[in-house]
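In order, the protein sequence lines correspond to chains X and Z.
So in the numbering used here, spot 42 of the first sequence is number 42, and the numbers just go up one at a time.
In the numbering used here, each number is its position in the second sequence, counted from 1, plus 177.
Note that the Cβ used here is the ideal one computed from N, Cα and C, for glycine as well.
Reading through the structure tokens given below for one structure.
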Amino acid sequence: MEPIQIAERLKERFPEEVLDVKEFRGQVSVTVGKGRILEICRYLHDDPDLYLDYLIDLCGVDYLGKKDNRFEVVYHLYSIRHRHALRLKAEVPQNDARIDSVMPVWIGVNWHERECYDLFGIVFSGHPDLRRVLLPEDWEGYPLRKDYPLKGPDTEWSGFTDVLERSKKYRQFDWYQ
Amino acid sequence: MEDIEKPFETKELTISMGPQHPATHGVLRLVLQLNGENVVKCTPYVGYLHRGVEKLGEHRTYFAALPLTDRLDYISSMNNNVGYVNAVEKLFGIEAPERAKFIRTMVAEMGRISSHIIWLGTHVLDIGATTPFLLSMAQRERILDLFEMLCGARLTVSYPRVGGVRNDISQEFLDLLYEFVLDFPSNMDDFETLVTENRIWKERTVDIGVISAEEAVNWGLTGGTLRGSGVDYDVRKYFPYDAYDRVEFDVPVGKKGDCYDRYLVRVGELRQANRIIKQCIENLPAGPVMADAPKFTLPPKDMVLKDMEHLIHQFILITKGPTVPEGEVYVGSEVPKGELGFYFVSDGTGKPYRMRVRSPSFVHASVLPRLSEGGLIADVIANIGTIDIVLGECDR
Numbered sequence: 001m002e003p004i005q006i007a008e009r010l011k012e013r014f015p016e017e018v019l020d021v022k023e024f025r026g027q028v029s030v031t032v033g034k035g036r037i038l039e040i041c042r043y044l045h046d047d048p049d050l051y052l053d054y055l056i057d058l059c060g061v062d063y064l065g066k067k068d069n070r071f072e073v074v075y076h077l078y079s080i081r082h083r084h085a086l087r088l089k090a091e092v093p094q095n096d097a098r099i100d101s102v103m104p105v106w107i108g109v110n111w112h113e114r115e116c117y118d119l120f121g122i123v124f125s126g127h128p129d130l131r132r133v134l135l136p137e138d139w140e141g142y143p144l145r146k147d148y149p150l151k152g153p154d155t156e157w158s159g160f161t162d163v164l165e166r167s168k169k170y171r172q173f174d175w176y177q
Numbered sequence: 178m179e180d181i182e183k184p185f186e187t188k189e190l191t192i193s194m195g196p197q198h199p200a201t202h203g204v205l206r207l208v209l210q211l212n213g214e215n216v217v218k219c220t221p222y223v224g225y226l227h228r229g230v231e232k233l234g235e236h237r238t239y240f241a242a243l244p245l246t247d248r249l250d251y252i253s254s255m256n257n258n259v260g261y262v263n264a265v266e267k268l269f270g271i272e273a274p275e276r277a278k279f280i281r282t283m284v285a286e287m288g289r290i291s292s293h294i295i296w297l298g299t300h301v302l303d304i305g306a307t308t309p310f311l312l313s314m315a316q317r318e319r320i321l322d323l324f325e326m327l328c329g330a331r332l333t334v335s336y337p338r339v340g341g342v343r344n345d346i347s348q349e350f351l352d353l354l355y356e357f358v359l360d361f362p363s364n365m366d367d368f369e370t371l372v373t374e375n376r377i378w379k380e381r382t383v384d385i386g387v388i389s390a391e392e393a394v395n396w397g398l399t400g401g402t403l404r405g406s407g408v409d410y411d412v413r414k415y416f417p418y419d420a421y422d423r424v425e426f427d428v429p430v431g432k433k434g435d436c437y438d439r440y441l442v443r444v445g446e447l448r449q450a451n452r453i454i455k456q457c458i459e460n461l462p463a464g465p466v467m468a469d470a471p472k473f474t475l476p477p478k479d480m481v482l483k484d485m486e487h488l489i490h491q492f493i494l495i496t497k498g499p500t501v502p503e504g505e506v507y508v509g510s511e512v513p514k515g516e517l518g519f520y521f522v523s524d525g526t527g528k529p530y531r532m533r534v535r536s537p538s539f540v541h542a543s544v545l546p547r548l549s550e551g552g553l554i555a556d557v558i559a560n561i562g563t564i565d566i567v568l569g570e571c572d573r
């Protein structure tokens, strides 16, 4: 099925949820509201004609000052049986940065959602193990947000200062005592 | 005597394997809960090599972000470059000339051989065989020498460029490569004699880390790890890029989805890669190696040194970047580890608004608990080897 046809079917099935359909370089992206994302994903996965059984990627995008809803969570879906692809985008506002986890549909999304939480601070409700994955647990801030400086925060991470302190202490260790 | 009569008690033991461990292939840390030798729970920790490639990419022009991709999967940087330039070309709406496409296909398959062969060597070494490792490294050395001859670098090559490749290849290079291609099948035979039917090897890998086809798709596995389970998903066949639709090759698939099947798949891929290189050399078309799209590709260097127009042009492209249409693209490519995808959001300036790297190793590392839990601790080593992860790519 052509991706634009999938978008039309999605619009028929969820008329209030589909906000926008765009095509660029032959790739179709469908923007939806975040409210019924789990239901939409389950429909895309289970419907025998669509059967988007393979989640290639999930990532977040920060549109600070460009769009009303600051964040977008982007799902790249593909059907190995029917060989068609679709890009699904869910808008997430800044004041309520949470969205349902789609782990019940695709279990492999686990670490992608953790990464998105780690780097953007978007909370995936229903995720069984939502911890930071790439950064240390006690890191402050969300690096891929547009208002996070490229060179990092002004203060060093506490774990690094700890190591420096400890190395100072061990340097004074008396081996011949 | 009293001690002997007491019932035998065991308790669970938690150990931390890595991040400094020779069998974890980089800085992967696993926290294992053990009951005797059985793994009860396995929790991977990654991120030790996180360098913020995605954030850096947003602050560089499309040309300047190319060397960052070398450092993703540092043992097959050529494939990362090819994947990156293909994604950028799709976004720009330009196409590389035929000769450049064939060259890129050829060098990407060389990268695949060099990556798979180091995987074979280290995987076999982890499980206890030393000789195949030495054989495989000798072959890899020949590929790296060829890369050095091609572009001056052995590991971080940055040879493909947006719109083509950096420089044309010489006849001498082609001759040496052809020699390698002719030798390679017999070298692989030597390797396989030592491993494929080896009883110890089979006992360590057959029926270890089994994952069914449906489950593998649901987990989002790609590359050899997915094809070992019997799904023939290969980006080179499903979304042909470069010259992959003009060369003949088969996609080897496994049946059961255990470590042994994944091994057979990758050995098959090595032979297919060799076949692709041979066809590329034989059918290499003549012509330019850089696309004629002055708005999006850097001008030739000799012209920049002679001509004012080209100098200004180069200056603008390097400092400001090209003017890119607004939009977003996702382009995947088949790297040795699986599917490496680049997702660009362009806001019309010379730098990507968002550059997302979908790395196969990240997904494959997440499947490790699924493969390891319920097995023995010795099988954890086999499982780490079989999913073929490189932590530089996993952590980005």
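- Residue pairing for valine 61(X): DSSP places it in a beta bridge opposite Glu72(X).
- Judged by DSSP in its simplified three-state form, valine 265(Z) adopts helix.
- Between the alpha carbons of threonine 155(X) and aspartate 162(X) lies a gap of roughly 13 Å.
- The shortest CA-to-CA distance from valine 544(Z) to any of Val230(Z), Leu211(Z), Pro221(Z), Val265(Z) is the one to Pro221(Z).
- DSSP places methionine 480(Z) in the uninterrupted alpha helix (DSSP H) bounded by 478–483.
- Considering only Leu297(Z), Ala420(Z), Val508(Z), the residue with the shortest C-alpha distance to arginine 276(Z) is Ala420(Z).
- Between valine 92(X) and glutamate 115(X), the C-beta spacing is not below 8 Å.
- Shown here, serine 389(Z) sits in coil according to DSSP, grouped into three states, outside any helix or strand.
- For histidine 84(X), not one C-beta of chain Z is nearer than 8 Å to its own C-beta.
- Pairwise C-beta distances place the stretch 347–356 of chain Z out of contact with the stretch 261–279 of chain Z, as fewer than three of them are shorter than 8 Å.
- Here lysine 432(Z) carries a coil assignment [DSSP, helix/strand/coil].
- Taking a C-beta distance under 8 Å as the contact criterion, isoleucine 346(Z) and isoleucine 295(Z) do not qualify as a contact pair.
- Here arginine 81(X) is exposed: its Cβ has fewer than 16 other Cβ atoms, across all protein chains shown, within 10 Å.
- Residues of chain Z with a Cβ closer than 7 Å to the Cβ of cysteine 59(X) are, in chain order, Tyr520, Arg533.
- A residue is called buried when at least 16 other Cβ atoms come within 10 angstroms of its Cβ; serine 389(Z) does not meet this threshold and is exposed.
- For histidine 76(X), the chain Z residues whose Cβ falls inside 8 Å of its Cβ are Tyr507, Gly518, Tyr520, Arg535, in order along the chain.
- If one requires a minimum length of 3 residues, the beta strand (DSSP E) runs lying completely within the stretch 214–275 of chain Z are 215–222, in chain order.
- When DSSP states are grouped into helix, strand and coil, valine 105(X) belongs to the coil group.
- Lysine 146(X) carries a coil assignment under DSSP once its states are collapsed to helix, strand and coil.
- CA-CA distance, tryptophan 157(X) to phenylalanine 279(Z), rounds to 47 Å.
- Taking the Cα positions, isoleucine 489(Z) is about 23 Å away from glycine 270(Z).
- Residues of the same chain with a CB within less than 6 Å of the CB of valine 262(Z), apart from the 5 flanking positions on each side, are Pro337, Val339 in chain order.
- Neighbours of serine 29(X) in chain Z, taken as residues at a C-beta separation under 8 Å, are given in chain order as Glu505.
- The C-beta of methionine 194(Z) has 16 or more other C-beta atoms within 10 Å across all chains shown, which makes the residue buried.
- With contacts defined as CB atoms closer than 8 Å, valine 109(X) and tyrosine 117(X) fail to qualify as a contacting pair.
- When secondary structure is reduced to three states using DSSP, valine 522(Z) falls in the strand class.
- For lysine 168(X), no beta strand (DSSP E) run applies; the uninterrupted alpha helix (DSSP H) run containing it begins and ends at 158–171, by DSSP.
- At the C-beta level, threonine 402(Z) and arginine 439(Z) come within 8 Å of one another.
- Under the three-state reduction of DSSP output, lysine 22(X) falls in the strand class.
- In the same chain as lysine 528(Z), and ignoring 5 residues on each side of it, the C-beta atoms closer than 7 Å to its own belong to Glu235, His236, Arg237, Thr238, Gly498, in chain order.
- Assignment of valine 342(Z) by DSSP, reduced to helix, strand and coil, places it in the strand class.
- Going by C-alpha positions, aspartate 360(Z) is about 36 Å away from aspartate 572(Z).
- In this chain, tyrosine 421(Z) is not harboured by any alpha helix (DSSP H), its DSSP state being neither H nor E.
- Shown here, arginine 381(Z) sits in a helix according to DSSP, grouped into three states.
- In the same chain as aspartate 250(Z), and ignoring 5 residues on each side of it, the C-beta atoms closer than 8 Å to its own belong to Asn256, Asn257, Ser292, Val512, Pro513, Lys514, Leu517, Ser536, Ser538, Val567, Gly569, Glu570, in chain order.
- Restricting attention to Glu12(X), Arg87(X), Leu119(X), the CA atom closest to the CA of glutamate 231(Z) is found in Leu119(X).
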